[in-house]
Every structure is written in structure tokens, then in C-alpha cells.
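Engineer: Heads up: the sequence shown begins at -3 in my numbering, then just goes up one per residue.
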Amino acid sequence: MPSWLSLYYEQPIEIVSGRGRRVTDSEGRTYLDFFAGILTSMLGYDVPEVREAVERQLRTGVAHTSTLYLIRSQVELAERIAGLSGIADAKVFFTNSGTEANETALLLATNARRSDQVLALRNSYHGRSYGAMAVTGNRGWKNSSLSPVNVHYLHGTDRDRFPHLSDEEFLAFCADDLRQVLATATATDVACLIAEPVQGVGGFTAAPDGLLARYREILDEHGILLVSDEVQTGWGRTGEHFWGFQAHGVTPDVLTFAKGLGNGFAIGGVVADGALMDALPANGISTFGGNPIATAAARATLDYLLAHDLQANARRLGRLLIDGLRTAVEGLPVVGEVRGRGLMFAVDLVDPDGGAPSPALAARVLEEARQRGLLIGKGGLHGNTLRMAPPLTLTEDEATEGLGILVDSLTAVG
Ligand SMILES: Cc1ncc(COP(=O)(O)O)c(C=O)c1O
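1. Is Tyr149 close to ligand 1? I mean its beta-carbon at under 7 Å from any heavy atom of the ligand.
2. Measure how close the beta-carbons of Leu208 and Ala181 come, nearest whole angstrom, since I'm counting them as under 8 Å.
3. If you draw a straight line from the alpha carbon of Arg315 to that of Met340, how long is it in whole angstroms?
4. Between the region 357 to 365 and the region 272 to 282, do at least 3 Cβ pairs fall closer than 8 Å?
5. Under 8 Å Cβ to Cβ from Leu328, same chain only, skipping five residues before and after it: list those, please.
6. If Gly240 and Thr229 are in contact, beta carbons under 8 Å, what's the gap, nearest whole angstrom?
7. Along the chain, where does the beta strand (DSSP E) that runs through Phe341 open and close?
8. May I ask which residues mark the beginning and end of the alpha helix (DSSP H) holding Ser405?
9. Would you call Asp225 buried or exposed, if buried means 16 or more other Cβ atoms sit within 10 Å of its Cβ?
10. I want to check one thing, is the minimum distance from the CB of Ser354 to the heavy atoms of ligand 1 below 7 Å?
11. Looking only at C-alpha atoms, which of Thr20, Trp0, Asp42 and Leu66 sits nearest to Asn287?
12. Sorted by chain position, which residues of the same chain lie with C-beta nearer than 6 Å to Val334's C-beta, five sequence neighbours on each side aside?
13. Using 8 Å as the Cβ pair cut-off and three pairs as the minimum, do the region 208 to 221 and the region 240 to 250 touch?
14. The alpha helix (DSSP H) with Glu45 in it runs from where to where?
15. Taking 7 Å as the cut-off, is the C-beta of His122 nearer than that to any heavy atom in ligand 1?
16. Is DSSP giving Ala209 helix, strand or coil here?
17. Between Gly123 and Gly94, what straight-line distance do the alpha-carbon atoms span, to the nearest angstrom?
18. Pull up the distance between the alpha-carbon of Gln176 and that of Phe166, whole angstroms please.
19. Tell me where the beta strand (DSSP E) around Gln113 begins and ends.
20. Measuring alpha carbon to alpha carbon, tell me which of Gly265, Ile9 and Arg312 ends up nearest Glu75.
21. Could you pull out every residue in the same chain whose Cβ sits closer than 6 Å to the Cβ of Ala108, ignoring the five residues on either side in sequence?
22. Just to confirm, are Thr398 and Leu370 a CB contact at a threshold of 8 Å?
23. Mind reading off the beta-carbon distance from Asp185 to Val145? Whole number of angstroms is fine, and I expect it under 8 Å.
24. Write down the C-beta distance between Asn119 and Thr153 rounded to the nearest angstrom, noting that I regard them as a contact closer than 8 Å.
25. Among Leu306, Leu257 and Gln367, which has the Cα closest to the Cα of Ile9?
26. Based on the DSSP output, what are the partners of Arg15 in its beta bridges?
27. What does the alpha-carbon distance come out to for the pair Val147 and Gln7?
28. Measure the Cβ-Cβ separation of Ala358 and Gly332 and say whether it is below 8 Å.
29. In angstroms, rounded to a whole number, what distance separates the CA positions of Asp29 and Arg17?
30. Taking DSSP's pairing of strands, which residues face Tyr65 in a bridge?
31. Taking C-alpha atoms, which residue in Tyr4, His218, Thr391 and Ala32 lies nearest to Ser13?
32. Mind checking whether the beta-carbon of Ile34 lies closer than 7 Å to any heavy atom of ligand 1?
33. Pull up the distance between the alpha-carbon of Asp347 and that of Ala356, whole angstroms please.
34. Could you tell me the distance, in whole angstroms, from the CA atom of Ala268 to the CA atom of Ala187?
35. Compute the minimum distance between the beta carbon of Ala254 and the heavy atoms of ligand 1, and state whether it is under 7 Å.
36. Could you name each continuous alpha helix (DSSP H) segment of 4 residues or more that falls completely within the region 275 to 327, going from the start of the chain to the end?
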């Protein structure tokens, strides 16, 4: 296995079973899971509705056919997602991952605009392939400067670097900067802006609401397309909205999704206006994308999510957790900031002397939480951000339990 495929914890955990929001490791220890396999086991573990849908498909004897043949569950899922997307005359193409979804989005935009120029946000993460890495604005995840696209980075989620500006002034500054970039750094037409409404790997950092609408006004003057990377923010996770872009008051031309949709089965995809999607001049295929097993799991996951209004659950418990955490850690010198939206919230760890980002303290809190039976994630530009994103089926009791462990773990290092 490659050295760059790093594991969490001094003593790595092997998860061997799971049920609800809890997983058990190979040594028999059970944990409450507040990271859900990087926001992917969106309903939790061993959900009967998803298991039965997959088992039904397996019993047909067909795990795979390829898109050379009609896959009913794929077509029905595409219709469902097109309807939910808010994009007019939408078409959906299924992939196996978020990276491939973003590659497809970049292909659609660069083809339609006959341009290799792309705008992205600083501190972004869009995947591990050449194209997706090229629009990633986080050095810790950029393994190469080779790039099929020509990228310029915009401000937005670096709000904390401009404390002297009000939100409104910051939005005006960002809009002005975009105009400057277009006027000074780009050549002829630009294809698109790709943005995560809340940055995932970046540490659950977000621009003030409305930034994408401000950008959109300027992009529209030039015909530049907007791509929203909803790989982490989709399906109601942010509580207030079903898609992250809705917080900004815009509808993108293209949206990409992956992670939670299959509740652990590999599925991603891209939604775009039909004309944009159909404009590709040659054939295209994803052998595994939208396969019968993954689409059966995804349909069951989506049905469950909507029937149980998990977006409302994310909103309610997100508020409880974020407010509770803010109150509990107030005055703790190791805590820089608590932020988040719905069941996607984060804490920055800082050095109590001087306030510099402290990845070492973040690593210690990760271990402390593990000792107390809670799994959480890490991230951020400096690696000092703890990221929490439990399954959207979280109960209030579990939220309270996890909050207690988090506070105890932070206090233990603080
Ligand atoms: C916002 C975002 N986009 C794209 C990706 C890439 O997805 P994948 O790892 O499924 O290729 C990720 C993965 O973490 C992500 O967070």
C-alpha cells in the first residue's frame, strides 16, 4: 500500500461491523461514529431498507451489465435526481466517485465554452485525478502541478484572513477581485467556476452566504458556467438546504455528487442542463458508473432520506450540537473557532500561546475522542481542524452523547 495513503490514529482501527450510528472494531470496541466513512455512510450502518434493496438485486444474479443495456434503477434514479437538482431540463451521468464526477463537469464546461480556463476557490478539494487535483486549492492534496486546465483561484472561504472587513465588504472585495482576475489574468473565454458551497477537506470552511450569487452576476456577463461540487454538502446534510448552493441563492449550471448517495456503495454523478450534457462530440461511458447494485442502494437511500425528512433532523441536531459545543468550549484556550451547518461542523485547535494552528493538538483530541468511544475526522489547510459529520439518522440521545465526549476530549488537552 502507498505511503501517502495515511491511516488515522497511532494504533489504526479496523472496523468489522456496524449498526445504526455505531461501529465495532476487530478488538471488540464499539464507537459512536461522527465521521461516517467521510460523510458517506449517510444513513448509518446496516440499514434494512438499503440492505434489502441490494440483496434483491443480488438475488437476480446480475451485479453488472454495463450501460450498453438498459438499467431500470439507473434511469429511475436519474429522473429522481434531475427533479431534485433544480436545474432545468437536467440530465444525469453516473460515475463511481466524486473525482470522476468533477472530471465530467470540467469536461462539459470546457467543451461547451471551447476554453481550458477554470476558476476555483482557494482551499478547495475536488479529487485526486489530474483535472480534479488541478482545481484543488490545498497544497497538502496536490501531488502534481500537471494540469489539463488552466486555473485561477478566487477568494471566498478565506474570510478569516480579512477580519477588518464586514461580511458585506468582504463580498464586495471578492466580487471586485473576480473582475480583476478576469481583466488581468485570464485570456479570452473562461469555461467555469467550480466551488464547494462548504469546503469539506478544507475544514468545513464557507464563504458568507450569497458569495456565489455575487460571483454569478459577473460570470453571467461573460457566459461563464457555475459548477457546484455537492460531494459533501448534498442531500440535506447542511440542514438548512438540500443542496449547499441554495444558501447562496443561486442555481448552478452543473452540480456534482457522490459520497452519501449510495450509503457506502460506490456512486457519484453529474447533473447538467441537457444541452450542455449532450454537447460532447464523441462517445462516453463509465463501465461501472450507475451499476445495478449501486443504483439499487442509492434509490433506497434517497427514499429513506426523503421519507424520514433527514434534512430536518440535520437542521435540528446540527443546531443542538453546534450551539452546545460553542457554549461548552467558550474560554478553552486550545479552541480557535467552532463553525458549521447542520450535521457538518468543525472545531479548530490552536496553540494556547499565540493562537497558531495546532495539528498536534488536533491529533491528540482525535485520540482522546477515540479513547472515549467517538470517531471524528480531521482536516483543514493546516491539519488542525476536527471535522464532525455523523450519519443524518443521528438521534438526539446520540447527539448529546457525542457532544459530551467531544467536550471532554477538548477539555482533556485544553
Ligand atoms: C468536495 C469533494 N469533491 C470531490 C471529492 C472526491 O471524491 P472521491 O474521493 O469520491 O473521488 C471529495 C472527496 O473527499 C470531496 O470532498
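Just so it is clear, CB atoms sit at the ideal spot from N, CA and C, and this is done for glycine as well.
Fair warning: this is a prediction, and the values are worked out from it, not measured in the lab.
Structural biologist: Inspection of the coordinates gives the following:
1. No, the Cβ of Tyr149 stays beyond 7 Å of every heavy atom of ligand 1.
2. Contact between Leu208 and Ala181 is ruled out by a C-beta separation of about 20 Å, above the 8 Å threshold.
3. Spanning the alpha carbons of Arg315 and Met340 requires a straight line of approximately 10 Å.
4. Of all C-beta pairs linking the region 357 to 365 to the region 272 to 282, fewer than three are shorter than 8 Å, placing the two stretches out of contact.
5. Answer for Leu328: Leu406, Thr407 and Gly410, listed in chain order.
6. Correct: roughly 3 Å between the Cβ atoms.
7. Per DSSP, Phe341 belongs to the beta strand (DSSP E) from Phe341 to Leu345.
8. Segment Glu392 to Val409, the alpha helix (DSSP H) holding Ser405.
9. Buried, since its Cβ has 16 or more Cβ neighbours within 10 Å.
10. Relative to ligand 1, Ser354 has its C-beta separated by 7 Å or more from all heavy atoms.
11. Nearest option by C-alpha distance: Leu66.
12. Here the set comprises Leu321, Arg322 and Val343.
13. Yes, since at least three Cβ pairs between the region 208 to 221 and the region 240 to 250 fall closer than 8 Å, the two stretches touch.
14. Segment Pro44 to Arg55, the alpha helix (DSSP H) holding Glu45.
15. Under cutoff, so the answer is yes.
16. In the three-state scheme derived from DSSP, where H, G and I count as helix and E and B as strand, Ala209 is classed as helix.
17. Each residue's Cα considered, the two are about 7 Å apart.
18. Approximately 15 Å between the Cα atoms of the pair.
19. Where Gln113 is concerned, the enclosing beta strand (DSSP E) stretches over Gln113 to Leu117.
20. Out of Gly265, Ile9 and Arg312, Gly265 has the C-alpha closest to the C-alpha of Glu75.
21. So the qualifying residues of the chain are Leu272 and Ala275.
22. Per the sequence presented here, residue 398 reads as Gly, with Thr not at that position. Yes; because the gap between Cβ atoms is below 8 Å, this pair is in contact.
23. In fact, because the Cβ distance is near 13 Å, the residues do not count as touching under 8 Å.
24. Indeed they touch by this definition, with Cβ atoms about 5 Å apart.
25. Comparing Cα positions, the closest option is Gln367.
26. Within the DSSP secondary-structure output, Arg15 pairs in a beta bridge with Arg18.
27. Each residue's alpha carbon lies about 39 Å from the other.
28. No, the pair does not count as a contact, with Cβ atoms beyond the cut-off.
29. Their Cα atoms are separated by approximately 6 Å.
30. Tyr65 pairs with nothing; no bridge assigned.
31. Ranking the options by Cα distance to Ser13, first place goes to Ala32.
32. The answer is yes for Ile34.
33. Take the alpha-carbon of Asp347 and the one of Ala356: they are about 9 Å apart.
34. Roughly 14 Å between the two C-alpha positions.
35. Yes, Cβ of Ala254 sits closer than 7 Å to a heavy atom of ligand 1.
36. List check, alpha helix (DSSP H) in window: 288 to 303 and 306 to 325.
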